[in-house]
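Numbering (the UniProt record's numbering), first residue to last: 1 to 490. All C-beta atoms in this analysis are idealised placements derived from N, C-alpha and C, irrespective of residue type, glycine included. Values in this document were obtained by computation on a predicted structure and should not be read as measured data. All remarks here apply to the structure that follows.
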């Protein structure tokens, strides 16, 4: 059961080969056995999961149910979940039990999924290594001495280790795609506005976007069908007709031997310069050659503002974070200092005790760039660069169907390697942050292995709201290869 796809799990449930209770118990047992070493979960809701599984079995016995009914999943601990801890990986929310479900959670619950628990993440989604969690670092299941990537490292590691068949994550500057790459799973960041952010605790509101982790592009499409779409409770939600993201996957290609015939693959030259590890480059180039064998055509394109994405992002994102995180003050909910002199002292002590170093660093940077005298020099300039970066992508995508490149410049690095060098950690996001600045959809799919047998992910970048086409191209590649089916030996 651990290796079955979402479609296969649904078929097994329908055929009564196993029940949702049996399936859920299998994953709960695996979490109990492996999570102590991986630290992928912050909270495991064993009783709640088994109760939901029993309800799903009863619903299935009573009549027709959807494709996800009775299938266990988990949520990144940045989505609010009614009656279950929502910590955002932070001490400041260590006792916060949400009174409501995020829209993503509510829609998946309505689809009949079973929630196993909440996965570990960098505090408030700030980090590229998943070492910045108040609950300890997540370990990469391919090598527990290495990071899984962040901030959704718990979700990626849990899917890779087969602790759940699919899990939600969030992506502000690569936090789905980078850990998907380092852990050898498929992860999708949808177009900004395609998935509701209501109930998803905000880091940077103009960049944050929820998305799925799973073993394959097909599984991601099935999950996305369940929770994407317009939400009137989210002012940034795109008002569009409901879309079936699986609609192109089952469509038979005109030439089965060339399923990607006519597909134009844009390859930005800036993504293959200095800084890209040789083993990652080799795996990416091999994947592109495989797609060419399937009928695709390689098109050389340019994204000249690529090197400006990191400085622009690390002005805009901290600026928005400094505003969003001002609500965590110890007054209404969350951690409050035990001793303080007055209201201001309570604010200062509660936030100093509750926030970790990386979150404090970004709040300070964000407050600085928004302050009088620096707003025009930093924040306003970053917004101008953001527009130029988006125009680069528009020009490149006018020449091709998708852009291809690495999701991470290296494979997973040792835990602690960047602990004292935050700038080096930020540079690990070089291939991902620009996509969030532009609001485009992108995904990482397993495409090979580098030195030491560590996974490498191929990043695919599509045009606005063109997830279905991007998923189809990824699906055709995965039908011809087996990288996505590989799992670490645990």
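DSSP three-state label for residue i, please.
i, result
"residue 364", "helix"
"residue 79", "strand"
"residue 447", "strand"
"residue 457", "strand"
"residue 131", "coil"
"residue 109", "helix"
"residue 26", "helix"
"residue 269", "helix"
"residue 491", "Outside the shown range of the chain (1 to 490) lies residue 491, about which nothing can therefore be said."
"residue 250", "coil"
"residue 230", "coil"
"residue 211", "strand"
"residue 101", "coil"
"residue 328", "coil"
"residue 71", "coil"
"residue 140", "strand"
"residue 189", "strand"
"residue 85", "strand"
"residue 304", "coil"
Below 8 Å on the Cβ atoms is my contact criterion, and I expect residue i with residue j to pass it. Report the Cβ-Cβ distance as a whole number of Å.
i, j, result
"residue 77", "residue 26", "At roughly 22 Å, the Cβ-Cβ gap does not stay under 8 Å, so residue 77 and residue 26 are not in contact."
"residue 462", "residue 442", "7 Å"
"residue 303", "residue 268", "4 Å"
"residue 196", "residue 171", "Not confirmed; about 14 Å, so no contact."
"residue 89", "residue 122", "6 Å"
"residue 224", "residue 249", "That pair is no contact at about 12 Å."
"residue 183", "residue 455", "6 Å"
"residue 457", "residue 382", "Actually they are not in contact, since the Cβ atoms of residue 457 and residue 382 sit about 27 Å apart, beyond 8 Å."
Looking at C-alpha atoms only, which residue of the options is the closest neighbour of residue i?
i, options, result
"residue 355", "478, 345, 325", "325"
"residue 472", "253, 234, 53", "253"
"residue 486", "21, 197, 215", "215"
"residue 453", "380, 351, 464, 488", "488"
"residue 43", "55, 33, 74, 16", "74"
"residue 434", "271, 466, 198, 262", "271"
"residue 490", "106, 22, 160", "160"
"residue 48", "83, 476, 79", "83"
"residue 64", "98, 15, 445, 96", "15"
"residue 290", "447, 85, 345, 11", "447"
"residue 481", "133, 445, 96", "445"
"residue 403", "105, 460, 287", "460"
"residue 425", "484, 217, 130, 363", "130"
"residue 273", "474, 431, 66, 13", "431"
"residue 5", "62, 41, 186, 363", "186"
"residue 417", "96, 57, 146, 71", "146"
In chain order, what residues of the same chain have a beta carbon less than 8 Å from the beta carbon of residue i, not counting five sequence neighbours either side?
i, result
"residue 429", "128, 173, 174, 178, 310, 313"
"residue 436", "171, 172, 173, 174, 189, 192, 207, 209, 313"
"residue 357", "132"
Only counting the same chain, and skipping five residues up and downstream in sequence, which positions put a Cβ closer than 6 Å to that of residue i?
i, result
"residue 305", "388, 389, 392"
"residue 297", "264"
"residue 451", "279"
"residue 229", "242"
"residue 30", "163"
"residue 151", "121, 122, 125, 127, 175"
"residue 320", "204, 205"
"residue 102", "79, 80, 199, 200"
"residue 330", "336, 346, 350"
"residue 261", "255, 295"
"residue 2", "162"
"residue 46", "28"
"residue 8", "none"
By Cβ distance, which residues of its chain are closer than 7 Å to residue i, with the 5 residues on each side in sequence left out?
i, result
"residue 335", "91, 92, 94, 350, 353, 354"
"residue 378", "315, 369"
"residue 208", "170, 172, 197, 200, 202"
"residue 276", "406, 409"
"residue 226", "68, 107, 108, 111"
Return yes when the C-beta of residue i is under 6 Å from any heavy atom of the ligand PLP, and no when it is not.
i, result
"residue 63", "Within the structure as shown, the ligand PLP is missing, as the structure has no ligands at all."
Handout entry: At least three beta-carbon pairs within less than 8 Å, the segment 396 to 414 to the segment 365 to 382
Key = With the cut-off at 8 Å, the segment 396 to 414 and the segment 365 to 382 do not touch.
Handout entry: the segment 273 to 285 touching the segment 237 to 247, judged by at least three CB pairs closer than 8 Å
Key = Between the segment 273 to 285 and the segment 237 to 247, the count of Cβ pairs shorter than 8 Å is below three; the stretches do not touch.
Exercise for the section: Please confirm if the segment 134 to 150 is in contact with the segment 30 to 38, defined as three or more CB-CB distances below 8 Å between the two stretches. Expected result: Touching, yes, given that three or more Cβ pairs across the two stretches are closer than 8 Å.
Practice task
Could you say if the segment 96 to 116 and the segment 50 to 67 meet the contact criterion of at least three C-beta pairs nearer than 8 Å?
Solution key: Enough Cβ pairs lie closer than 8 Å, so yes.
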